[in-house]
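Notes follow the structure.
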Amino acid sequence: MDARLAKLIHDYQKAVESTLALMRRSGISMPCGSSQWIESDIPGSGRLIDGSEYYKHGAGCGVCFSSGTIDFDFGAQGECNVFDAWRLVVFSKNRLLEYGFLSDSEVYKCFDEAVGESTLLPLDFDLYYVAGTPRLYATDVEFRDHDDLLPNRNHDPVLTLYAHYFLAADLMRKNYEKLNGKWSKDGGLNQDEGVDFRIYFSSWLGFLAVTCEGFKGLSVRVLLTQNRPKMFADLTVFADPIGRLMKQHADTLREFRNTVFHLRESLAAARSFFAPDANRLSWSIELHDAFERFFREYRVLCEVHYLLHERKGDITLFKKQKRKKLKSN
Numbered sequence: 001m002d003a004r005l006a007k008l009i010h011d012y013q014k015a016v017e018s019t020l021a022l023m024r025r026s027g028i029s030m031p032c033g034s035s036q037w038i039e040s041d042i043p044g045s046g047r048l049i050d051g052s053e054y055y056k057h058g059a060g061c062g063v064c065f066s067s068g069t070i071d072f073d074f075g076a077q078g079e080c081n082v083f084d085a086w087r088l089v090v091f092s093k094n095r096l097l098e099y100g101f102l103s104d105s106e107v108y109k110c111f112d113e114a115v116g117e118s119t120l121l122p123l124d125f126d127l128y129y130v131a132g133t134p135r136l137y138a139t140d141v142e143f144r145d146h147d148d149l150l151p152n153r154n155h156d157p158v159l160t161l162y163a164h165y166f167l168a169a170d171l172m173r174k175n176y177e178k179l180n181g182k183w184s185k186d187g188g189l190n191q192d193e194g195v196d197f198r199i200y201f202s203s204w205l206g207f208l209a210v211t212c213e214g215f216k217g218l219s220v221r222v223l224l225t226q227n228r229p230k231m232f233a234d235l236t237v238f239a240d241p242i243g244r245l246m247k248q249h250a251d252t253l254r255e256f257r258n259t260v261f262h263l264r265e266s267l268a269a270a271r272s273f274f275a276p277d278a279n280r281l282s283w284s285i286e287l288h289d290a291f292e293r294f295f296r297e298y299r300v301l302c303e304v305h306y307l308l309h310e311r312k313g314d315i316t317l318f319k320k321q322k323r324k325k326l327k328s329n
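In structure tokens form, the structure reads like this:
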């Protein structure tokens, strides 16, 4: 690829990444794909926190800075380091000589040559990316300050553990307890309810086991005291009891989980976990409740931190209130 074009593409991609970070800090959510962006309820135009004006269009956005305009489209899967020749020309307007180009047509010519030699590859919607380079997705763009220890919401492994595994356990537990209450009230369940009861019960314990493994793998106490803002160290009062509870039966729970998410070869693990004298069901409830308290307090501190550091793109509190207001209208 022509070295001049390579430099222009590099600068354009960095400018888009910085623009997306600014949009996130301004409270604009990043899409998982171009369709989600098109269908989003983000205002068609407005101002970002630095006063720059943006305008939403189709699968992308344009942002007007004093130094020039950044225009970009998202790829079908939310890629953001993609481009076309026209956007490169818009980006380099009045600065072509800085990149060694004498005219717009020279940029287009170099671009076509790069496509012809396959150093630029087509993605979708007439967008291209540099061959041999990884895709950058809008949801992965880093926008926190360099000295901010709390990861972006999408990158926080504690919130990932909560959203993808603990909430699954919580949903299964609620469904199990609902049917358990019906069983106690009616003296039994019909065949379909019995099947659902078994699925909910085993899935609850299976996802609870995965939550335990994730909690242990994250070394949560170390994470809270060394890899998070200072106020998060106070959460050890909620994390430490979980560690103590896990030591009691986590290994047996893990063995039972293997029979839930893998083809069961025998009933040995289930019989061991539900041994009459082990009292592991009440232990599971106590452990689940301890996780619930920890995640609740962690999420509250995250929201406080987002507010204090003006990380509008991570805040969910006001977004939930806005959705409720829209529904009521």
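Final position of the sequence shown in UniProt numbering is 329; the numbers increase by one with none missing. Even for Gly, the Cβ is constructed at its ideal location relative to N, Cα and C. Only a predicted model underlies this, so the values are computations on that prediction, with no experimental measurement involved.
{"Asked": "Looking only at its own chain, which residues have a Cβ that is under 8 Å from the Cβ of LEU253, when we skip the five neighbours before and after it?", "Found": "LEU205, LEU208, ALA209, CYS212, PHE273, ARG280 and SER284"}
{"Asked": "Quick check for students: name the residue ranges of the alpha helix (DSSP H) that lie wholly in the region 196–227, counting only runs of 4 or more.", "Found": "220–226"}
{"Asked": "Whose C-beta lies closer than 8 Å to the C-beta of ASP140 among residues of the same chain, with five residues either side of it excluded?", "Found": "ASN154 and HIS155"}
{"Asked": "How long is the line joining the alpha carbons of CYS61 and GLY313, rounded to whole angstroms?", "Found": "17 Å"}
{"Asked": "Find the nearest neighbour of TYR99 within the set ARG4, ARG144, ASN81 and HIS164, judged by alpha-carbon distance.", "Found": "ARG4"}
{"Asked": "Please state the DSSP three-state secondary structure of LEU22.", "Found": "helix"}
{"Asked": "State yes or no: is the C-beta of ASP73 within less than 8 Å of the C-beta of TYR128?", "Found": "no"}
{"Asked": "Would LEU307 pass as a contact of MET231 if the rule is Cβ separation under 8 Å?", "Found": "no"}
{"Asked": "Can you tell me where the alpha helix (DSSP H) holding GLU286 begins and where it ends?", "Found": "280–308"}
{"Asked": "Would you check if the distance between the CB atom of ALA15 and the CB atom of PHE111 is smaller than 8 Å?", "Found": "no"}
{"Asked": "Is DSSP giving THR69 helix, strand or coil here?", "Found": "strand"}
{"Asked": "Pull up the DSSP beta-bridge partners for PHE83, would you.", "Found": "TYR128"}
{"Asked": "Skipping 5 residues on each side, what residues in its chain have a beta carbon closer than 7 Å to that of PRO229?", "Found": "LEU149, LEU150 and HIS305"}
{"Asked": "ASP50 and LEU22 - do their beta-carbons sit closer together than 8 Å?", "Found": "yes"}
{"Asked": "Going by DSSP, which residues form a beta bridge with TYR137?", "Found": "GLU79"}
{"Asked": "Can you confirm whether the region 232–247 touches the region 284–297 when touching is taken to mean that 3 or more C-beta pairs between the two stretches lie within less than 8 Å?", "Found": "yes"}
{"Asked": "Going by the beta-carbon positions, is the gap between GLU53 and SER45 smaller than 8 Å?", "Found": "yes"}
{"Asked": "Quick check on this structure: which residue in GLU265, ALA269 and LEU263 has the alpha carbon closest to the alpha carbon of ARG251?", "Found": "In the sequence as presented, Arg is not what sits at residue 251; that position holds Asp. Minimum Cα distance to ASP251 is reached at ALA269."}
{"Asked": "For ARG144, collect the residues of the same chain with a Cβ closer than 8 Å to its Cβ; drop the 5 residues on either side in sequence, then sort them by chain order.", "Found": "LEU150, PRO151, ASN152, HIS309 and ARG311"}
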